[in-house]
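If you want it as structure tokens, here you go:
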């Protein structure tokens, strides 16, 4: 009998891609409906603005420049989503990426502004701070059985208030924002890309090595998870802690290590944004930056694949930036947050979608097989 | 001192209500991380009702309508969790997280749209309810009694009776411990889980409106409810999923939260000259420490978080 050709739809990657596209489509559609409800007059234009983002500029130079700005913020988002993804692969829900991002920002900015450290030290400080915070959640989970979601949320708020207090020491006297890197310590700014790349982005000075670096790290995470012994052990611990222990893996060490790595990723992400000088920290902010939470959206939208997250992070950041361009007299920029939250919600249905799709394919194949059989027996009848 | 006990009681009321909501949902077998989002929605419903009811509305009607709006919106919003978690077997943590983000984003979009529709210059996400709020307060010798405190007490007693003394409550808890066994004796697990999630939506929504009327008379919806839903979850875990213990835990947490509001009134606390952020952090730090000591022997419902699959043994 001939090997049956497997339908393209059976491919797991294709299914993930389809599911993500469906989530995006439904998310945008519902966003459009909400815009329509708010004010029918500008809804179509607004949703197009969100999707177009920097393309709203007509000049090519400006377009590329603002593409650069979107990429600048994509790098930290990618790091946060890698952080969420990495923990999730090991069976932990790292909602604390937001807090780890906050301490990363605090550590890198404090090193840069108070102590005048060069950029690589600041970057390292952010990684260490994030890892330490992640490890706290891991420790609590491993030795005290504290649900990591709850402990992460608590740590998010604790770190927000701590960082606010810490960075108040290096803020501008007249405003709630921290001092700019350019005026205080230019050595802490991440190095720019080679000249020809910079020219391509119309010399957008915030475009730094952070962007290619984050993509490299995505690849590294993929290799770590799929091709190394450590990655295998971590995933095994995530699947079944007790089975992993039985096989001689040190499950508690693995848990803590996972959270530390996840924390390091998120912390590094913060440094990748704040060390470009693109943004200053606002020392009076009373809500946790959304970057870590958007990371959750990007991780799941990317089908929990490090390389998929590169695309999905870009998409999430693209519409978030696009939201800033909507007509403020009618709509608010938060419509993008709304759409990305909706997309996360829809990602919850991905498992069911795959299940239903496979079911449908099974039934179709069965029907085809039956038809083929019937056809064969008929032909057999004629030949006789 | 009066002020401190007043704030402690009102924050404890919020925590009791929301934690009981979480308790019902988890006893039925569904983890409700989305309580935060449900609170925001409830708060939005109540705040809108307060904004649009004329100030001349009698106090009783005002209270009833506001509570009703909060409960209704909370329940409708919790349906999002129920449908995804029960019918579509979605990852409950993921859906809950999405609901938290969605709640804040949706409320912000809505309130901003409403404000800008009223006047183009107003792009804030704030709703004011200074006059309407007075309906809830009764001044007893300097102590501002809030009707919500009574409601929290009633909810507490009702929750205890429903969970332990009625057929419904015992069946609900069976669905969270061993749904297959419950099904085998003719209990409809899906229905019970829907009931659990809807009750948590009701209590969560009510908790939301209590929270935003505690101490302030306007609310900026961009801030959501500042992690209070998660504090309530910590209260629930500390309370070992038992209503009476939840009440005690809520009082403890409420006290530390209240300190943040009124610490300037105490000379010895003021003398310490700690930055205000220390007091802001306090409830979260305390809950983390408390959880570290109590989670080891946690008595969580056994089947919580696992989607019910009829075919599974």
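Chains as they are written, first to last, in the working numbering: chain A, 1 to 384; chain B, 385 to 697.
Think of the CB as a built atom: it goes at the ideal place given N, C-alpha and C, for glycine as much as any other residue.
Reduced DSSP category for residue i - H, G, I as helix; E, B as strand; rest coil
| i | result |
| --- | --- |
| residue 177 of chain A | strand |
| residue 626 of chain B | coil |
| residue 600 of chain B | coil |
| residue 528 of chain B | strand |
| residue 256 of chain A | helix |
| residue 213 of chain A | helix |
| residue 511 of chain B | strand |
| residue 558 of chain B | helix |
| residue 208 of chain A | strand |
| residue 373 of chain A | helix |
| residue 522 of chain B | strand |
| residue 282 of chain A | strand |
Neighbour flag for residue i against chain B, beta carbons, 8 Å
| i | result |
| --- | --- |
| residue 140 of chain A | yes |
| residue 32 of chain A | no |
| residue 1 of chain A | Since pLDDT at residue 1 of chain A reaches only 41, below the 50 mark, its modelled position is unreliable, and the value read off the structure follows with that caveat. No - not a single Cβ of chain B is within 8 Å of the one on residue 1 of chain A. |
| residue 177 of chain A | no |
| residue 384 of chain A | Confidence at residue 384 of chain A is low in this model, with a pLDDT of 49, below 50, so the placement of that residue is unreliable and no value is reported for it. |
| residue 150 of chain A | yes |
| residue 246 of chain A | no |
| residue 161 of chain A | yes |
| residue 338 of chain A | yes |
| residue 296 of chain A | yes |
| residue 24 of chain A | no |
| residue 300 of chain A | yes |
| residue 316 of chain A | no |
| residue 38 of chain A | yes |
beta-carbon residue i near the ligand ZN non-hydrogen atom, thresh 7 Å
| i | result |
| --- | --- |
| residue 290 of chain A | In terms of ligand content, the structure shown is empty, and the ligand ZN therefore cannot be addressed. |
Short CB-CB distance (under 8 Å) between residue i and chain A
| i | result |
| --- | --- |
| residue 435 of chain B | no |
| residue 611 of chain B | yes |
| residue 497 of chain B | yes |
| residue 507 of chain B | yes |
| residue 664 of chain B | yes |
| residue 614 of chain B | yes |
| residue 672 of chain B | yes |
| residue 409 of chain B | no |
| residue 617 of chain B | yes |
| residue 682 of chain B | yes |
| residue 538 of chain B | no |
Closer than 8 Å at the beta carbon, the chain B residues around residue i
| i | result |
| --- | --- |
| residue 329 of chain A | 500, 504 |
| residue 345 of chain A | 464, 468, 479, 482, 483, 486 |
| residue 201 of chain A | Ordered by position in chain B, no residue passes the 8 Å Cβ test against residue 201 of chain A, which lies about 30 Å from the chain. |
is_contact[residue i, chain E] using C-beta, thresh 8 Å
| i | result |
| --- | --- |
| residue 95 of chain A | Reference to chain E is not applicable here, since the protein chains of this structure are A and B. |
Status (buried if at least 16 other CB within 10 Å, exposed otherwise) for residue i
| i | result |
| --- | --- |
| residue 286 of chain A | exposed |
| residue 603 of chain B | buried |
| residue 3 of chain A | Because the pLDDT of residue 3 of chain A is 46, which lies under 50, any placement of that residue in the model is unreliable, and the number read from its coordinates should be weighed accordingly. When all chains shown are included, residue 3 of chain A counts as exposed. |
| residue 707 of chain B | The requested residue 707 of chain B does not occur in the structure, where chain B is confined to residues 385 to 697. |
| residue 178 of chain A | buried |
| residue 611 of chain B | buried |
| residue 586 of chain B | buried |
Contact set between residue i and chain A, taken where Cβ atoms lie within less than 9 Å
| i | result |
| --- | --- |
| residue 432 of chain B | Near residue 432 of chain B there are no residues of chain A at all, since even the closest Cβ is about 15 Å away, more than 9 Å. |
| residue 598 of chain B | Those within 9 Å of residue 598 of chain B in chain A number zero; the least Cβ separation is about 16 Å. |
Proximal residues of chain B, C-beta to C-beta of residue i below 7 Å
| i | result |
| --- | --- |
| residue 146 of chain A | 675, 676, 679 |
| residue 293 of chain A | 485 |
| residue 286 of chain A | 607 |
| residue 342 of chain A | 486 |
CB of residue i within 8 Å of CB of residue j, strictly
| i | j | result |
| --- | --- | --- |
| residue 289 of chain A | residue 221 of chain A | no |
| residue 419 of chain B | residue 584 of chain B | yes |
| residue 672 of chain B | residue 154 of chain A | yes |
| residue 483 of chain B | residue 465 of chain B | yes |
| residue 496 of chain B | residue 334 of chain A | yes |
| residue 208 of chain A | residue 181 of chain A | no |
| residue 393 of chain B | residue 533 of chain B | yes |
| residue 537 of chain B | residue 426 of chain B | no |
| residue 396 of chain B | residue 592 of chain B | no |
Under 8 Å by beta carbon: chain A residues contacting residue i
| i | result |
| --- | --- |
| residue 475 of chain B | 348, 351 |
| residue 656 of chain B | Near residue 656 of chain B there are no residues of chain A at all, since even the closest Cβ is about 15 Å away, more than 8 Å. |
Chain-ordered chain A contacts of residue i [CB-CB under 7 Å]
| i | result |
| --- | --- |
| residue 668 of chain B | 154, 157, 158 |
| residue 601 of chain B | Residues of chain A passing the Cβ test: none, with the nearest at roughly 18 Å. |
| residue 659 of chain B | 165 |
| residue 492 of chain B | 332, 334 |
| residue 417 of chain B | 149 |
Contacts of residue i in chain B (Cβ-Cβ under 9 Å)
| i | result |
| --- | --- |
| residue 320 of chain A | The contacting residues do not exist; residue 320 of chain A stays about 11 Å from chain B at best. |
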